[in-house]
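*Asks:*
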Amino acid sequence: MDKYEHVTYAPGTYAWHINRRQRVYLRGLIRRAFPDLRPTLHDFACGTGRAIRNLDGLVWYAHGYDTSPDMLAKAAELGTEADLHTVATGGPVPQPVATDGPALVTMFRLLLNVDDDVRERALAFAARALPNAETGLLVVENHGNRRSLRHLRARRHTGRRWFAELSHAQVARLLRRHGFEVVARRGFSMLTPGWYDRPLLRPFARTADGLACRLPGSAGWAVNVVYVARRTA
Ligand SMILES: C[S@@+](CC[C@H](N)C(=O)[O-])C[C@H]1O[C@@H](n2cnc3c(N)ncnc32)[C@H](O)[C@@H]1O
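Under the numbering used here, think of the first position of the sequence shown as -5, with each following residue one higher.
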């Protein structure tokens, strides 16, 4: 957990820059999508509460759900303003805390690295928190898009890939099975961490990557992608 906060997300790192870009995007999205009434946030697999803290001040109330009591303890220690709930890894789908008014469900850095059962379980949770299109939005991150430039590079060098990947189509199908449709897609990095690790390349990588992600259509090729979805009915 400390490694997650102090190494992976240390200022200036790849993950830190992605987080900063996502934060700006999500805060704008929430202001536009919920102009009258602030939503209740349900952050599934909240870990140390990074996404919850990114949305500080924009949500009415926040709930974080995770299977790891240690992660939740760290979230509390970091001052995450939320009710934190331990959920089971198996058995019945976790029940979101019942709330009135609009809701926002978020899932960051979960889908890529878990098996199909957990993916289905996470989306079933989201469908419970968002029973219809009017209730609000689901925001899901895929931090290993299969159609990315990283994928092409890996195949060119070795013909094989050594990291997990999830395609846009897989994400869209998963969402559709639970009654969601993707209404927006946004990329947050076209480059790989290696570009940010080399001190001489880092300033170039940071600027070029930030600009590239704003180009129309870039989400299709980004390594890190966020999908915004709504219930179809
Ligand atoms: C890589 S961390 C991401 C944490 C946070 N969402 C973030 O982006 O900083 C993945 C989290 O998923 C949680 N997790 C794994 N399986 C889960 C499940 N079945 N239900 C809920 N949370 C789960 C882990 O405990 C861990 O905190």
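By construction, the Cβ of each residue, glycine as well, lies at the ideal position given by its N, Cα and C atoms.
Using the Cβ count rule (16 or more neighbours within 10 Å means buried), how would you classify residue 0?
*Replies:* By the neighbour-count definition (other C-beta atoms within 10 Å, threshold 16), residue 0 is an exposed residue.
*Asks:* Quick one: what's residue 101 bridged to in DSSP?
*Replies:* 38 and 134
*Asks:* For residue 128, is the classification buried or exposed, using 16 other Cβ atoms within 10 angstroms of its Cβ as the cut-off for buried?
*Replies:* exposed
*Asks:* Within 10 angstroms of the Cβ of residue 91, are there 16 or more other Cβ atoms? Answer buried if so, exposed if not.
*Replies:* exposed
*Asks:* Do residue 159 and residue 223 come within 8 Å of each other at the CB atom, strictly closer than that value?
*Replies:* no
*Asks:* Is the Cβ-Cβ distance between residue 97 and residue 123 less than 8 Å?
*Replies:* Against a cut-off of 8 Å, the Cβ pair of residue 123 and residue 97 comes out as a contact.
*Asks:* Tell me which same chain residues have a C-beta within less than 7 Å of the C-beta of residue 50, skipping the five on either side of it?
*Replies:* Cβ-Cβ distances below 7 Å link residue 50 to 75 in the same chain, with the five nearest sequence neighbours on each side left out; the list follows chain order.
*Asks:* Please classify residue 33: is it buried, with 16 or more other beta-carbons within 10 angstroms of its beta-carbon, or exposed?
*Replies:* Around the beta carbon of residue 33, 16 or more other beta carbons sit within 10 angstroms, so the residue counts as buried.
*Asks:* Would you say the beta carbon of residue 61 comes nearer than 7 Å to a heavy atom of ligand 1?
*Replies:* yes
*Asks:* Given a threshold of 16 other Cβ atoms within 10 Å of its Cβ, counted over all protein chains shown, does residue 85 qualify as buried or as exposed?
*Replies:* It counts as exposed.
*Asks:* Considering only residues of the segment 42 to 127, which uninterrupted alpha helix (DSSP H) runs meet the minimum length of 4 residues and lie entirely inside it, listed in chain order?
*Replies:* 44 to 48, 63 to 71 and 110 to 123
*Asks:* What first and last residue would you give for the beta strand (DSSP E) that runs through residue 28?
*Replies:* Looking at the DSSP string, residue 28 is not in any beta strand (DSSP E), and its letter there is neither H nor E.
*Asks:* Residue 4: which of 80, 161, 44 and 205 sits nearest, CA to CA?
*Replies:* 44
*Asks:* Do residue 15 and residue 48 come within 8 Å of each other at the CB atom, strictly closer than that value?
*Replies:* no
*Asks:* For residue 73, count neighbouring Cβ atoms within 10 angstroms of its own Cβ and tell me buried if that reaches 16, exposed if not.
*Replies:* exposed
*Asks:* On the criterion of 16 or more Cβ atoms from any shown chain inside 10 Å, does residue 88 qualify as buried, or is it exposed?
*Replies:* That one is buried.
*Asks:* Going by DSSP in three states, residue 196 sits in which element: helix, strand or coil?
*Replies:* The answer is helix: DSSP assigns residue 196 an H, G or I state.
*Asks:* For the alpha helix (DSSP H) that contains residue 180, what are its first and last residues?
*Replies:* First-last for residue 180: 174 to 183, but that is the beta strand (DSSP E), not the alpha helix (DSSP H).
*Asks:* Rounded to whole angstroms, what's the CA-CA distance from residue 211 to residue 182? Just pull it up for me.
*Replies:* For the pair residue 211 and residue 182, the Cα-to-Cα distance works out to about 12 Å.
*Asks:* Regarding residue 73 and ligand 1, is the C-beta to nearest heavy atom distance less than 7 Å?
*Replies:* no
*Asks:* What does DSSP give as the partner residues of residue 9 in its beta bridges?
*Replies:* Paired residue(s): none; residue 9 is not in a bridge.
*Asks:* Under 8 Å Cβ to Cβ from residue 117, same chain only, skipping five residues before and after it: list those, please.
*Replies:* 168, 169, 171, 172 and 174
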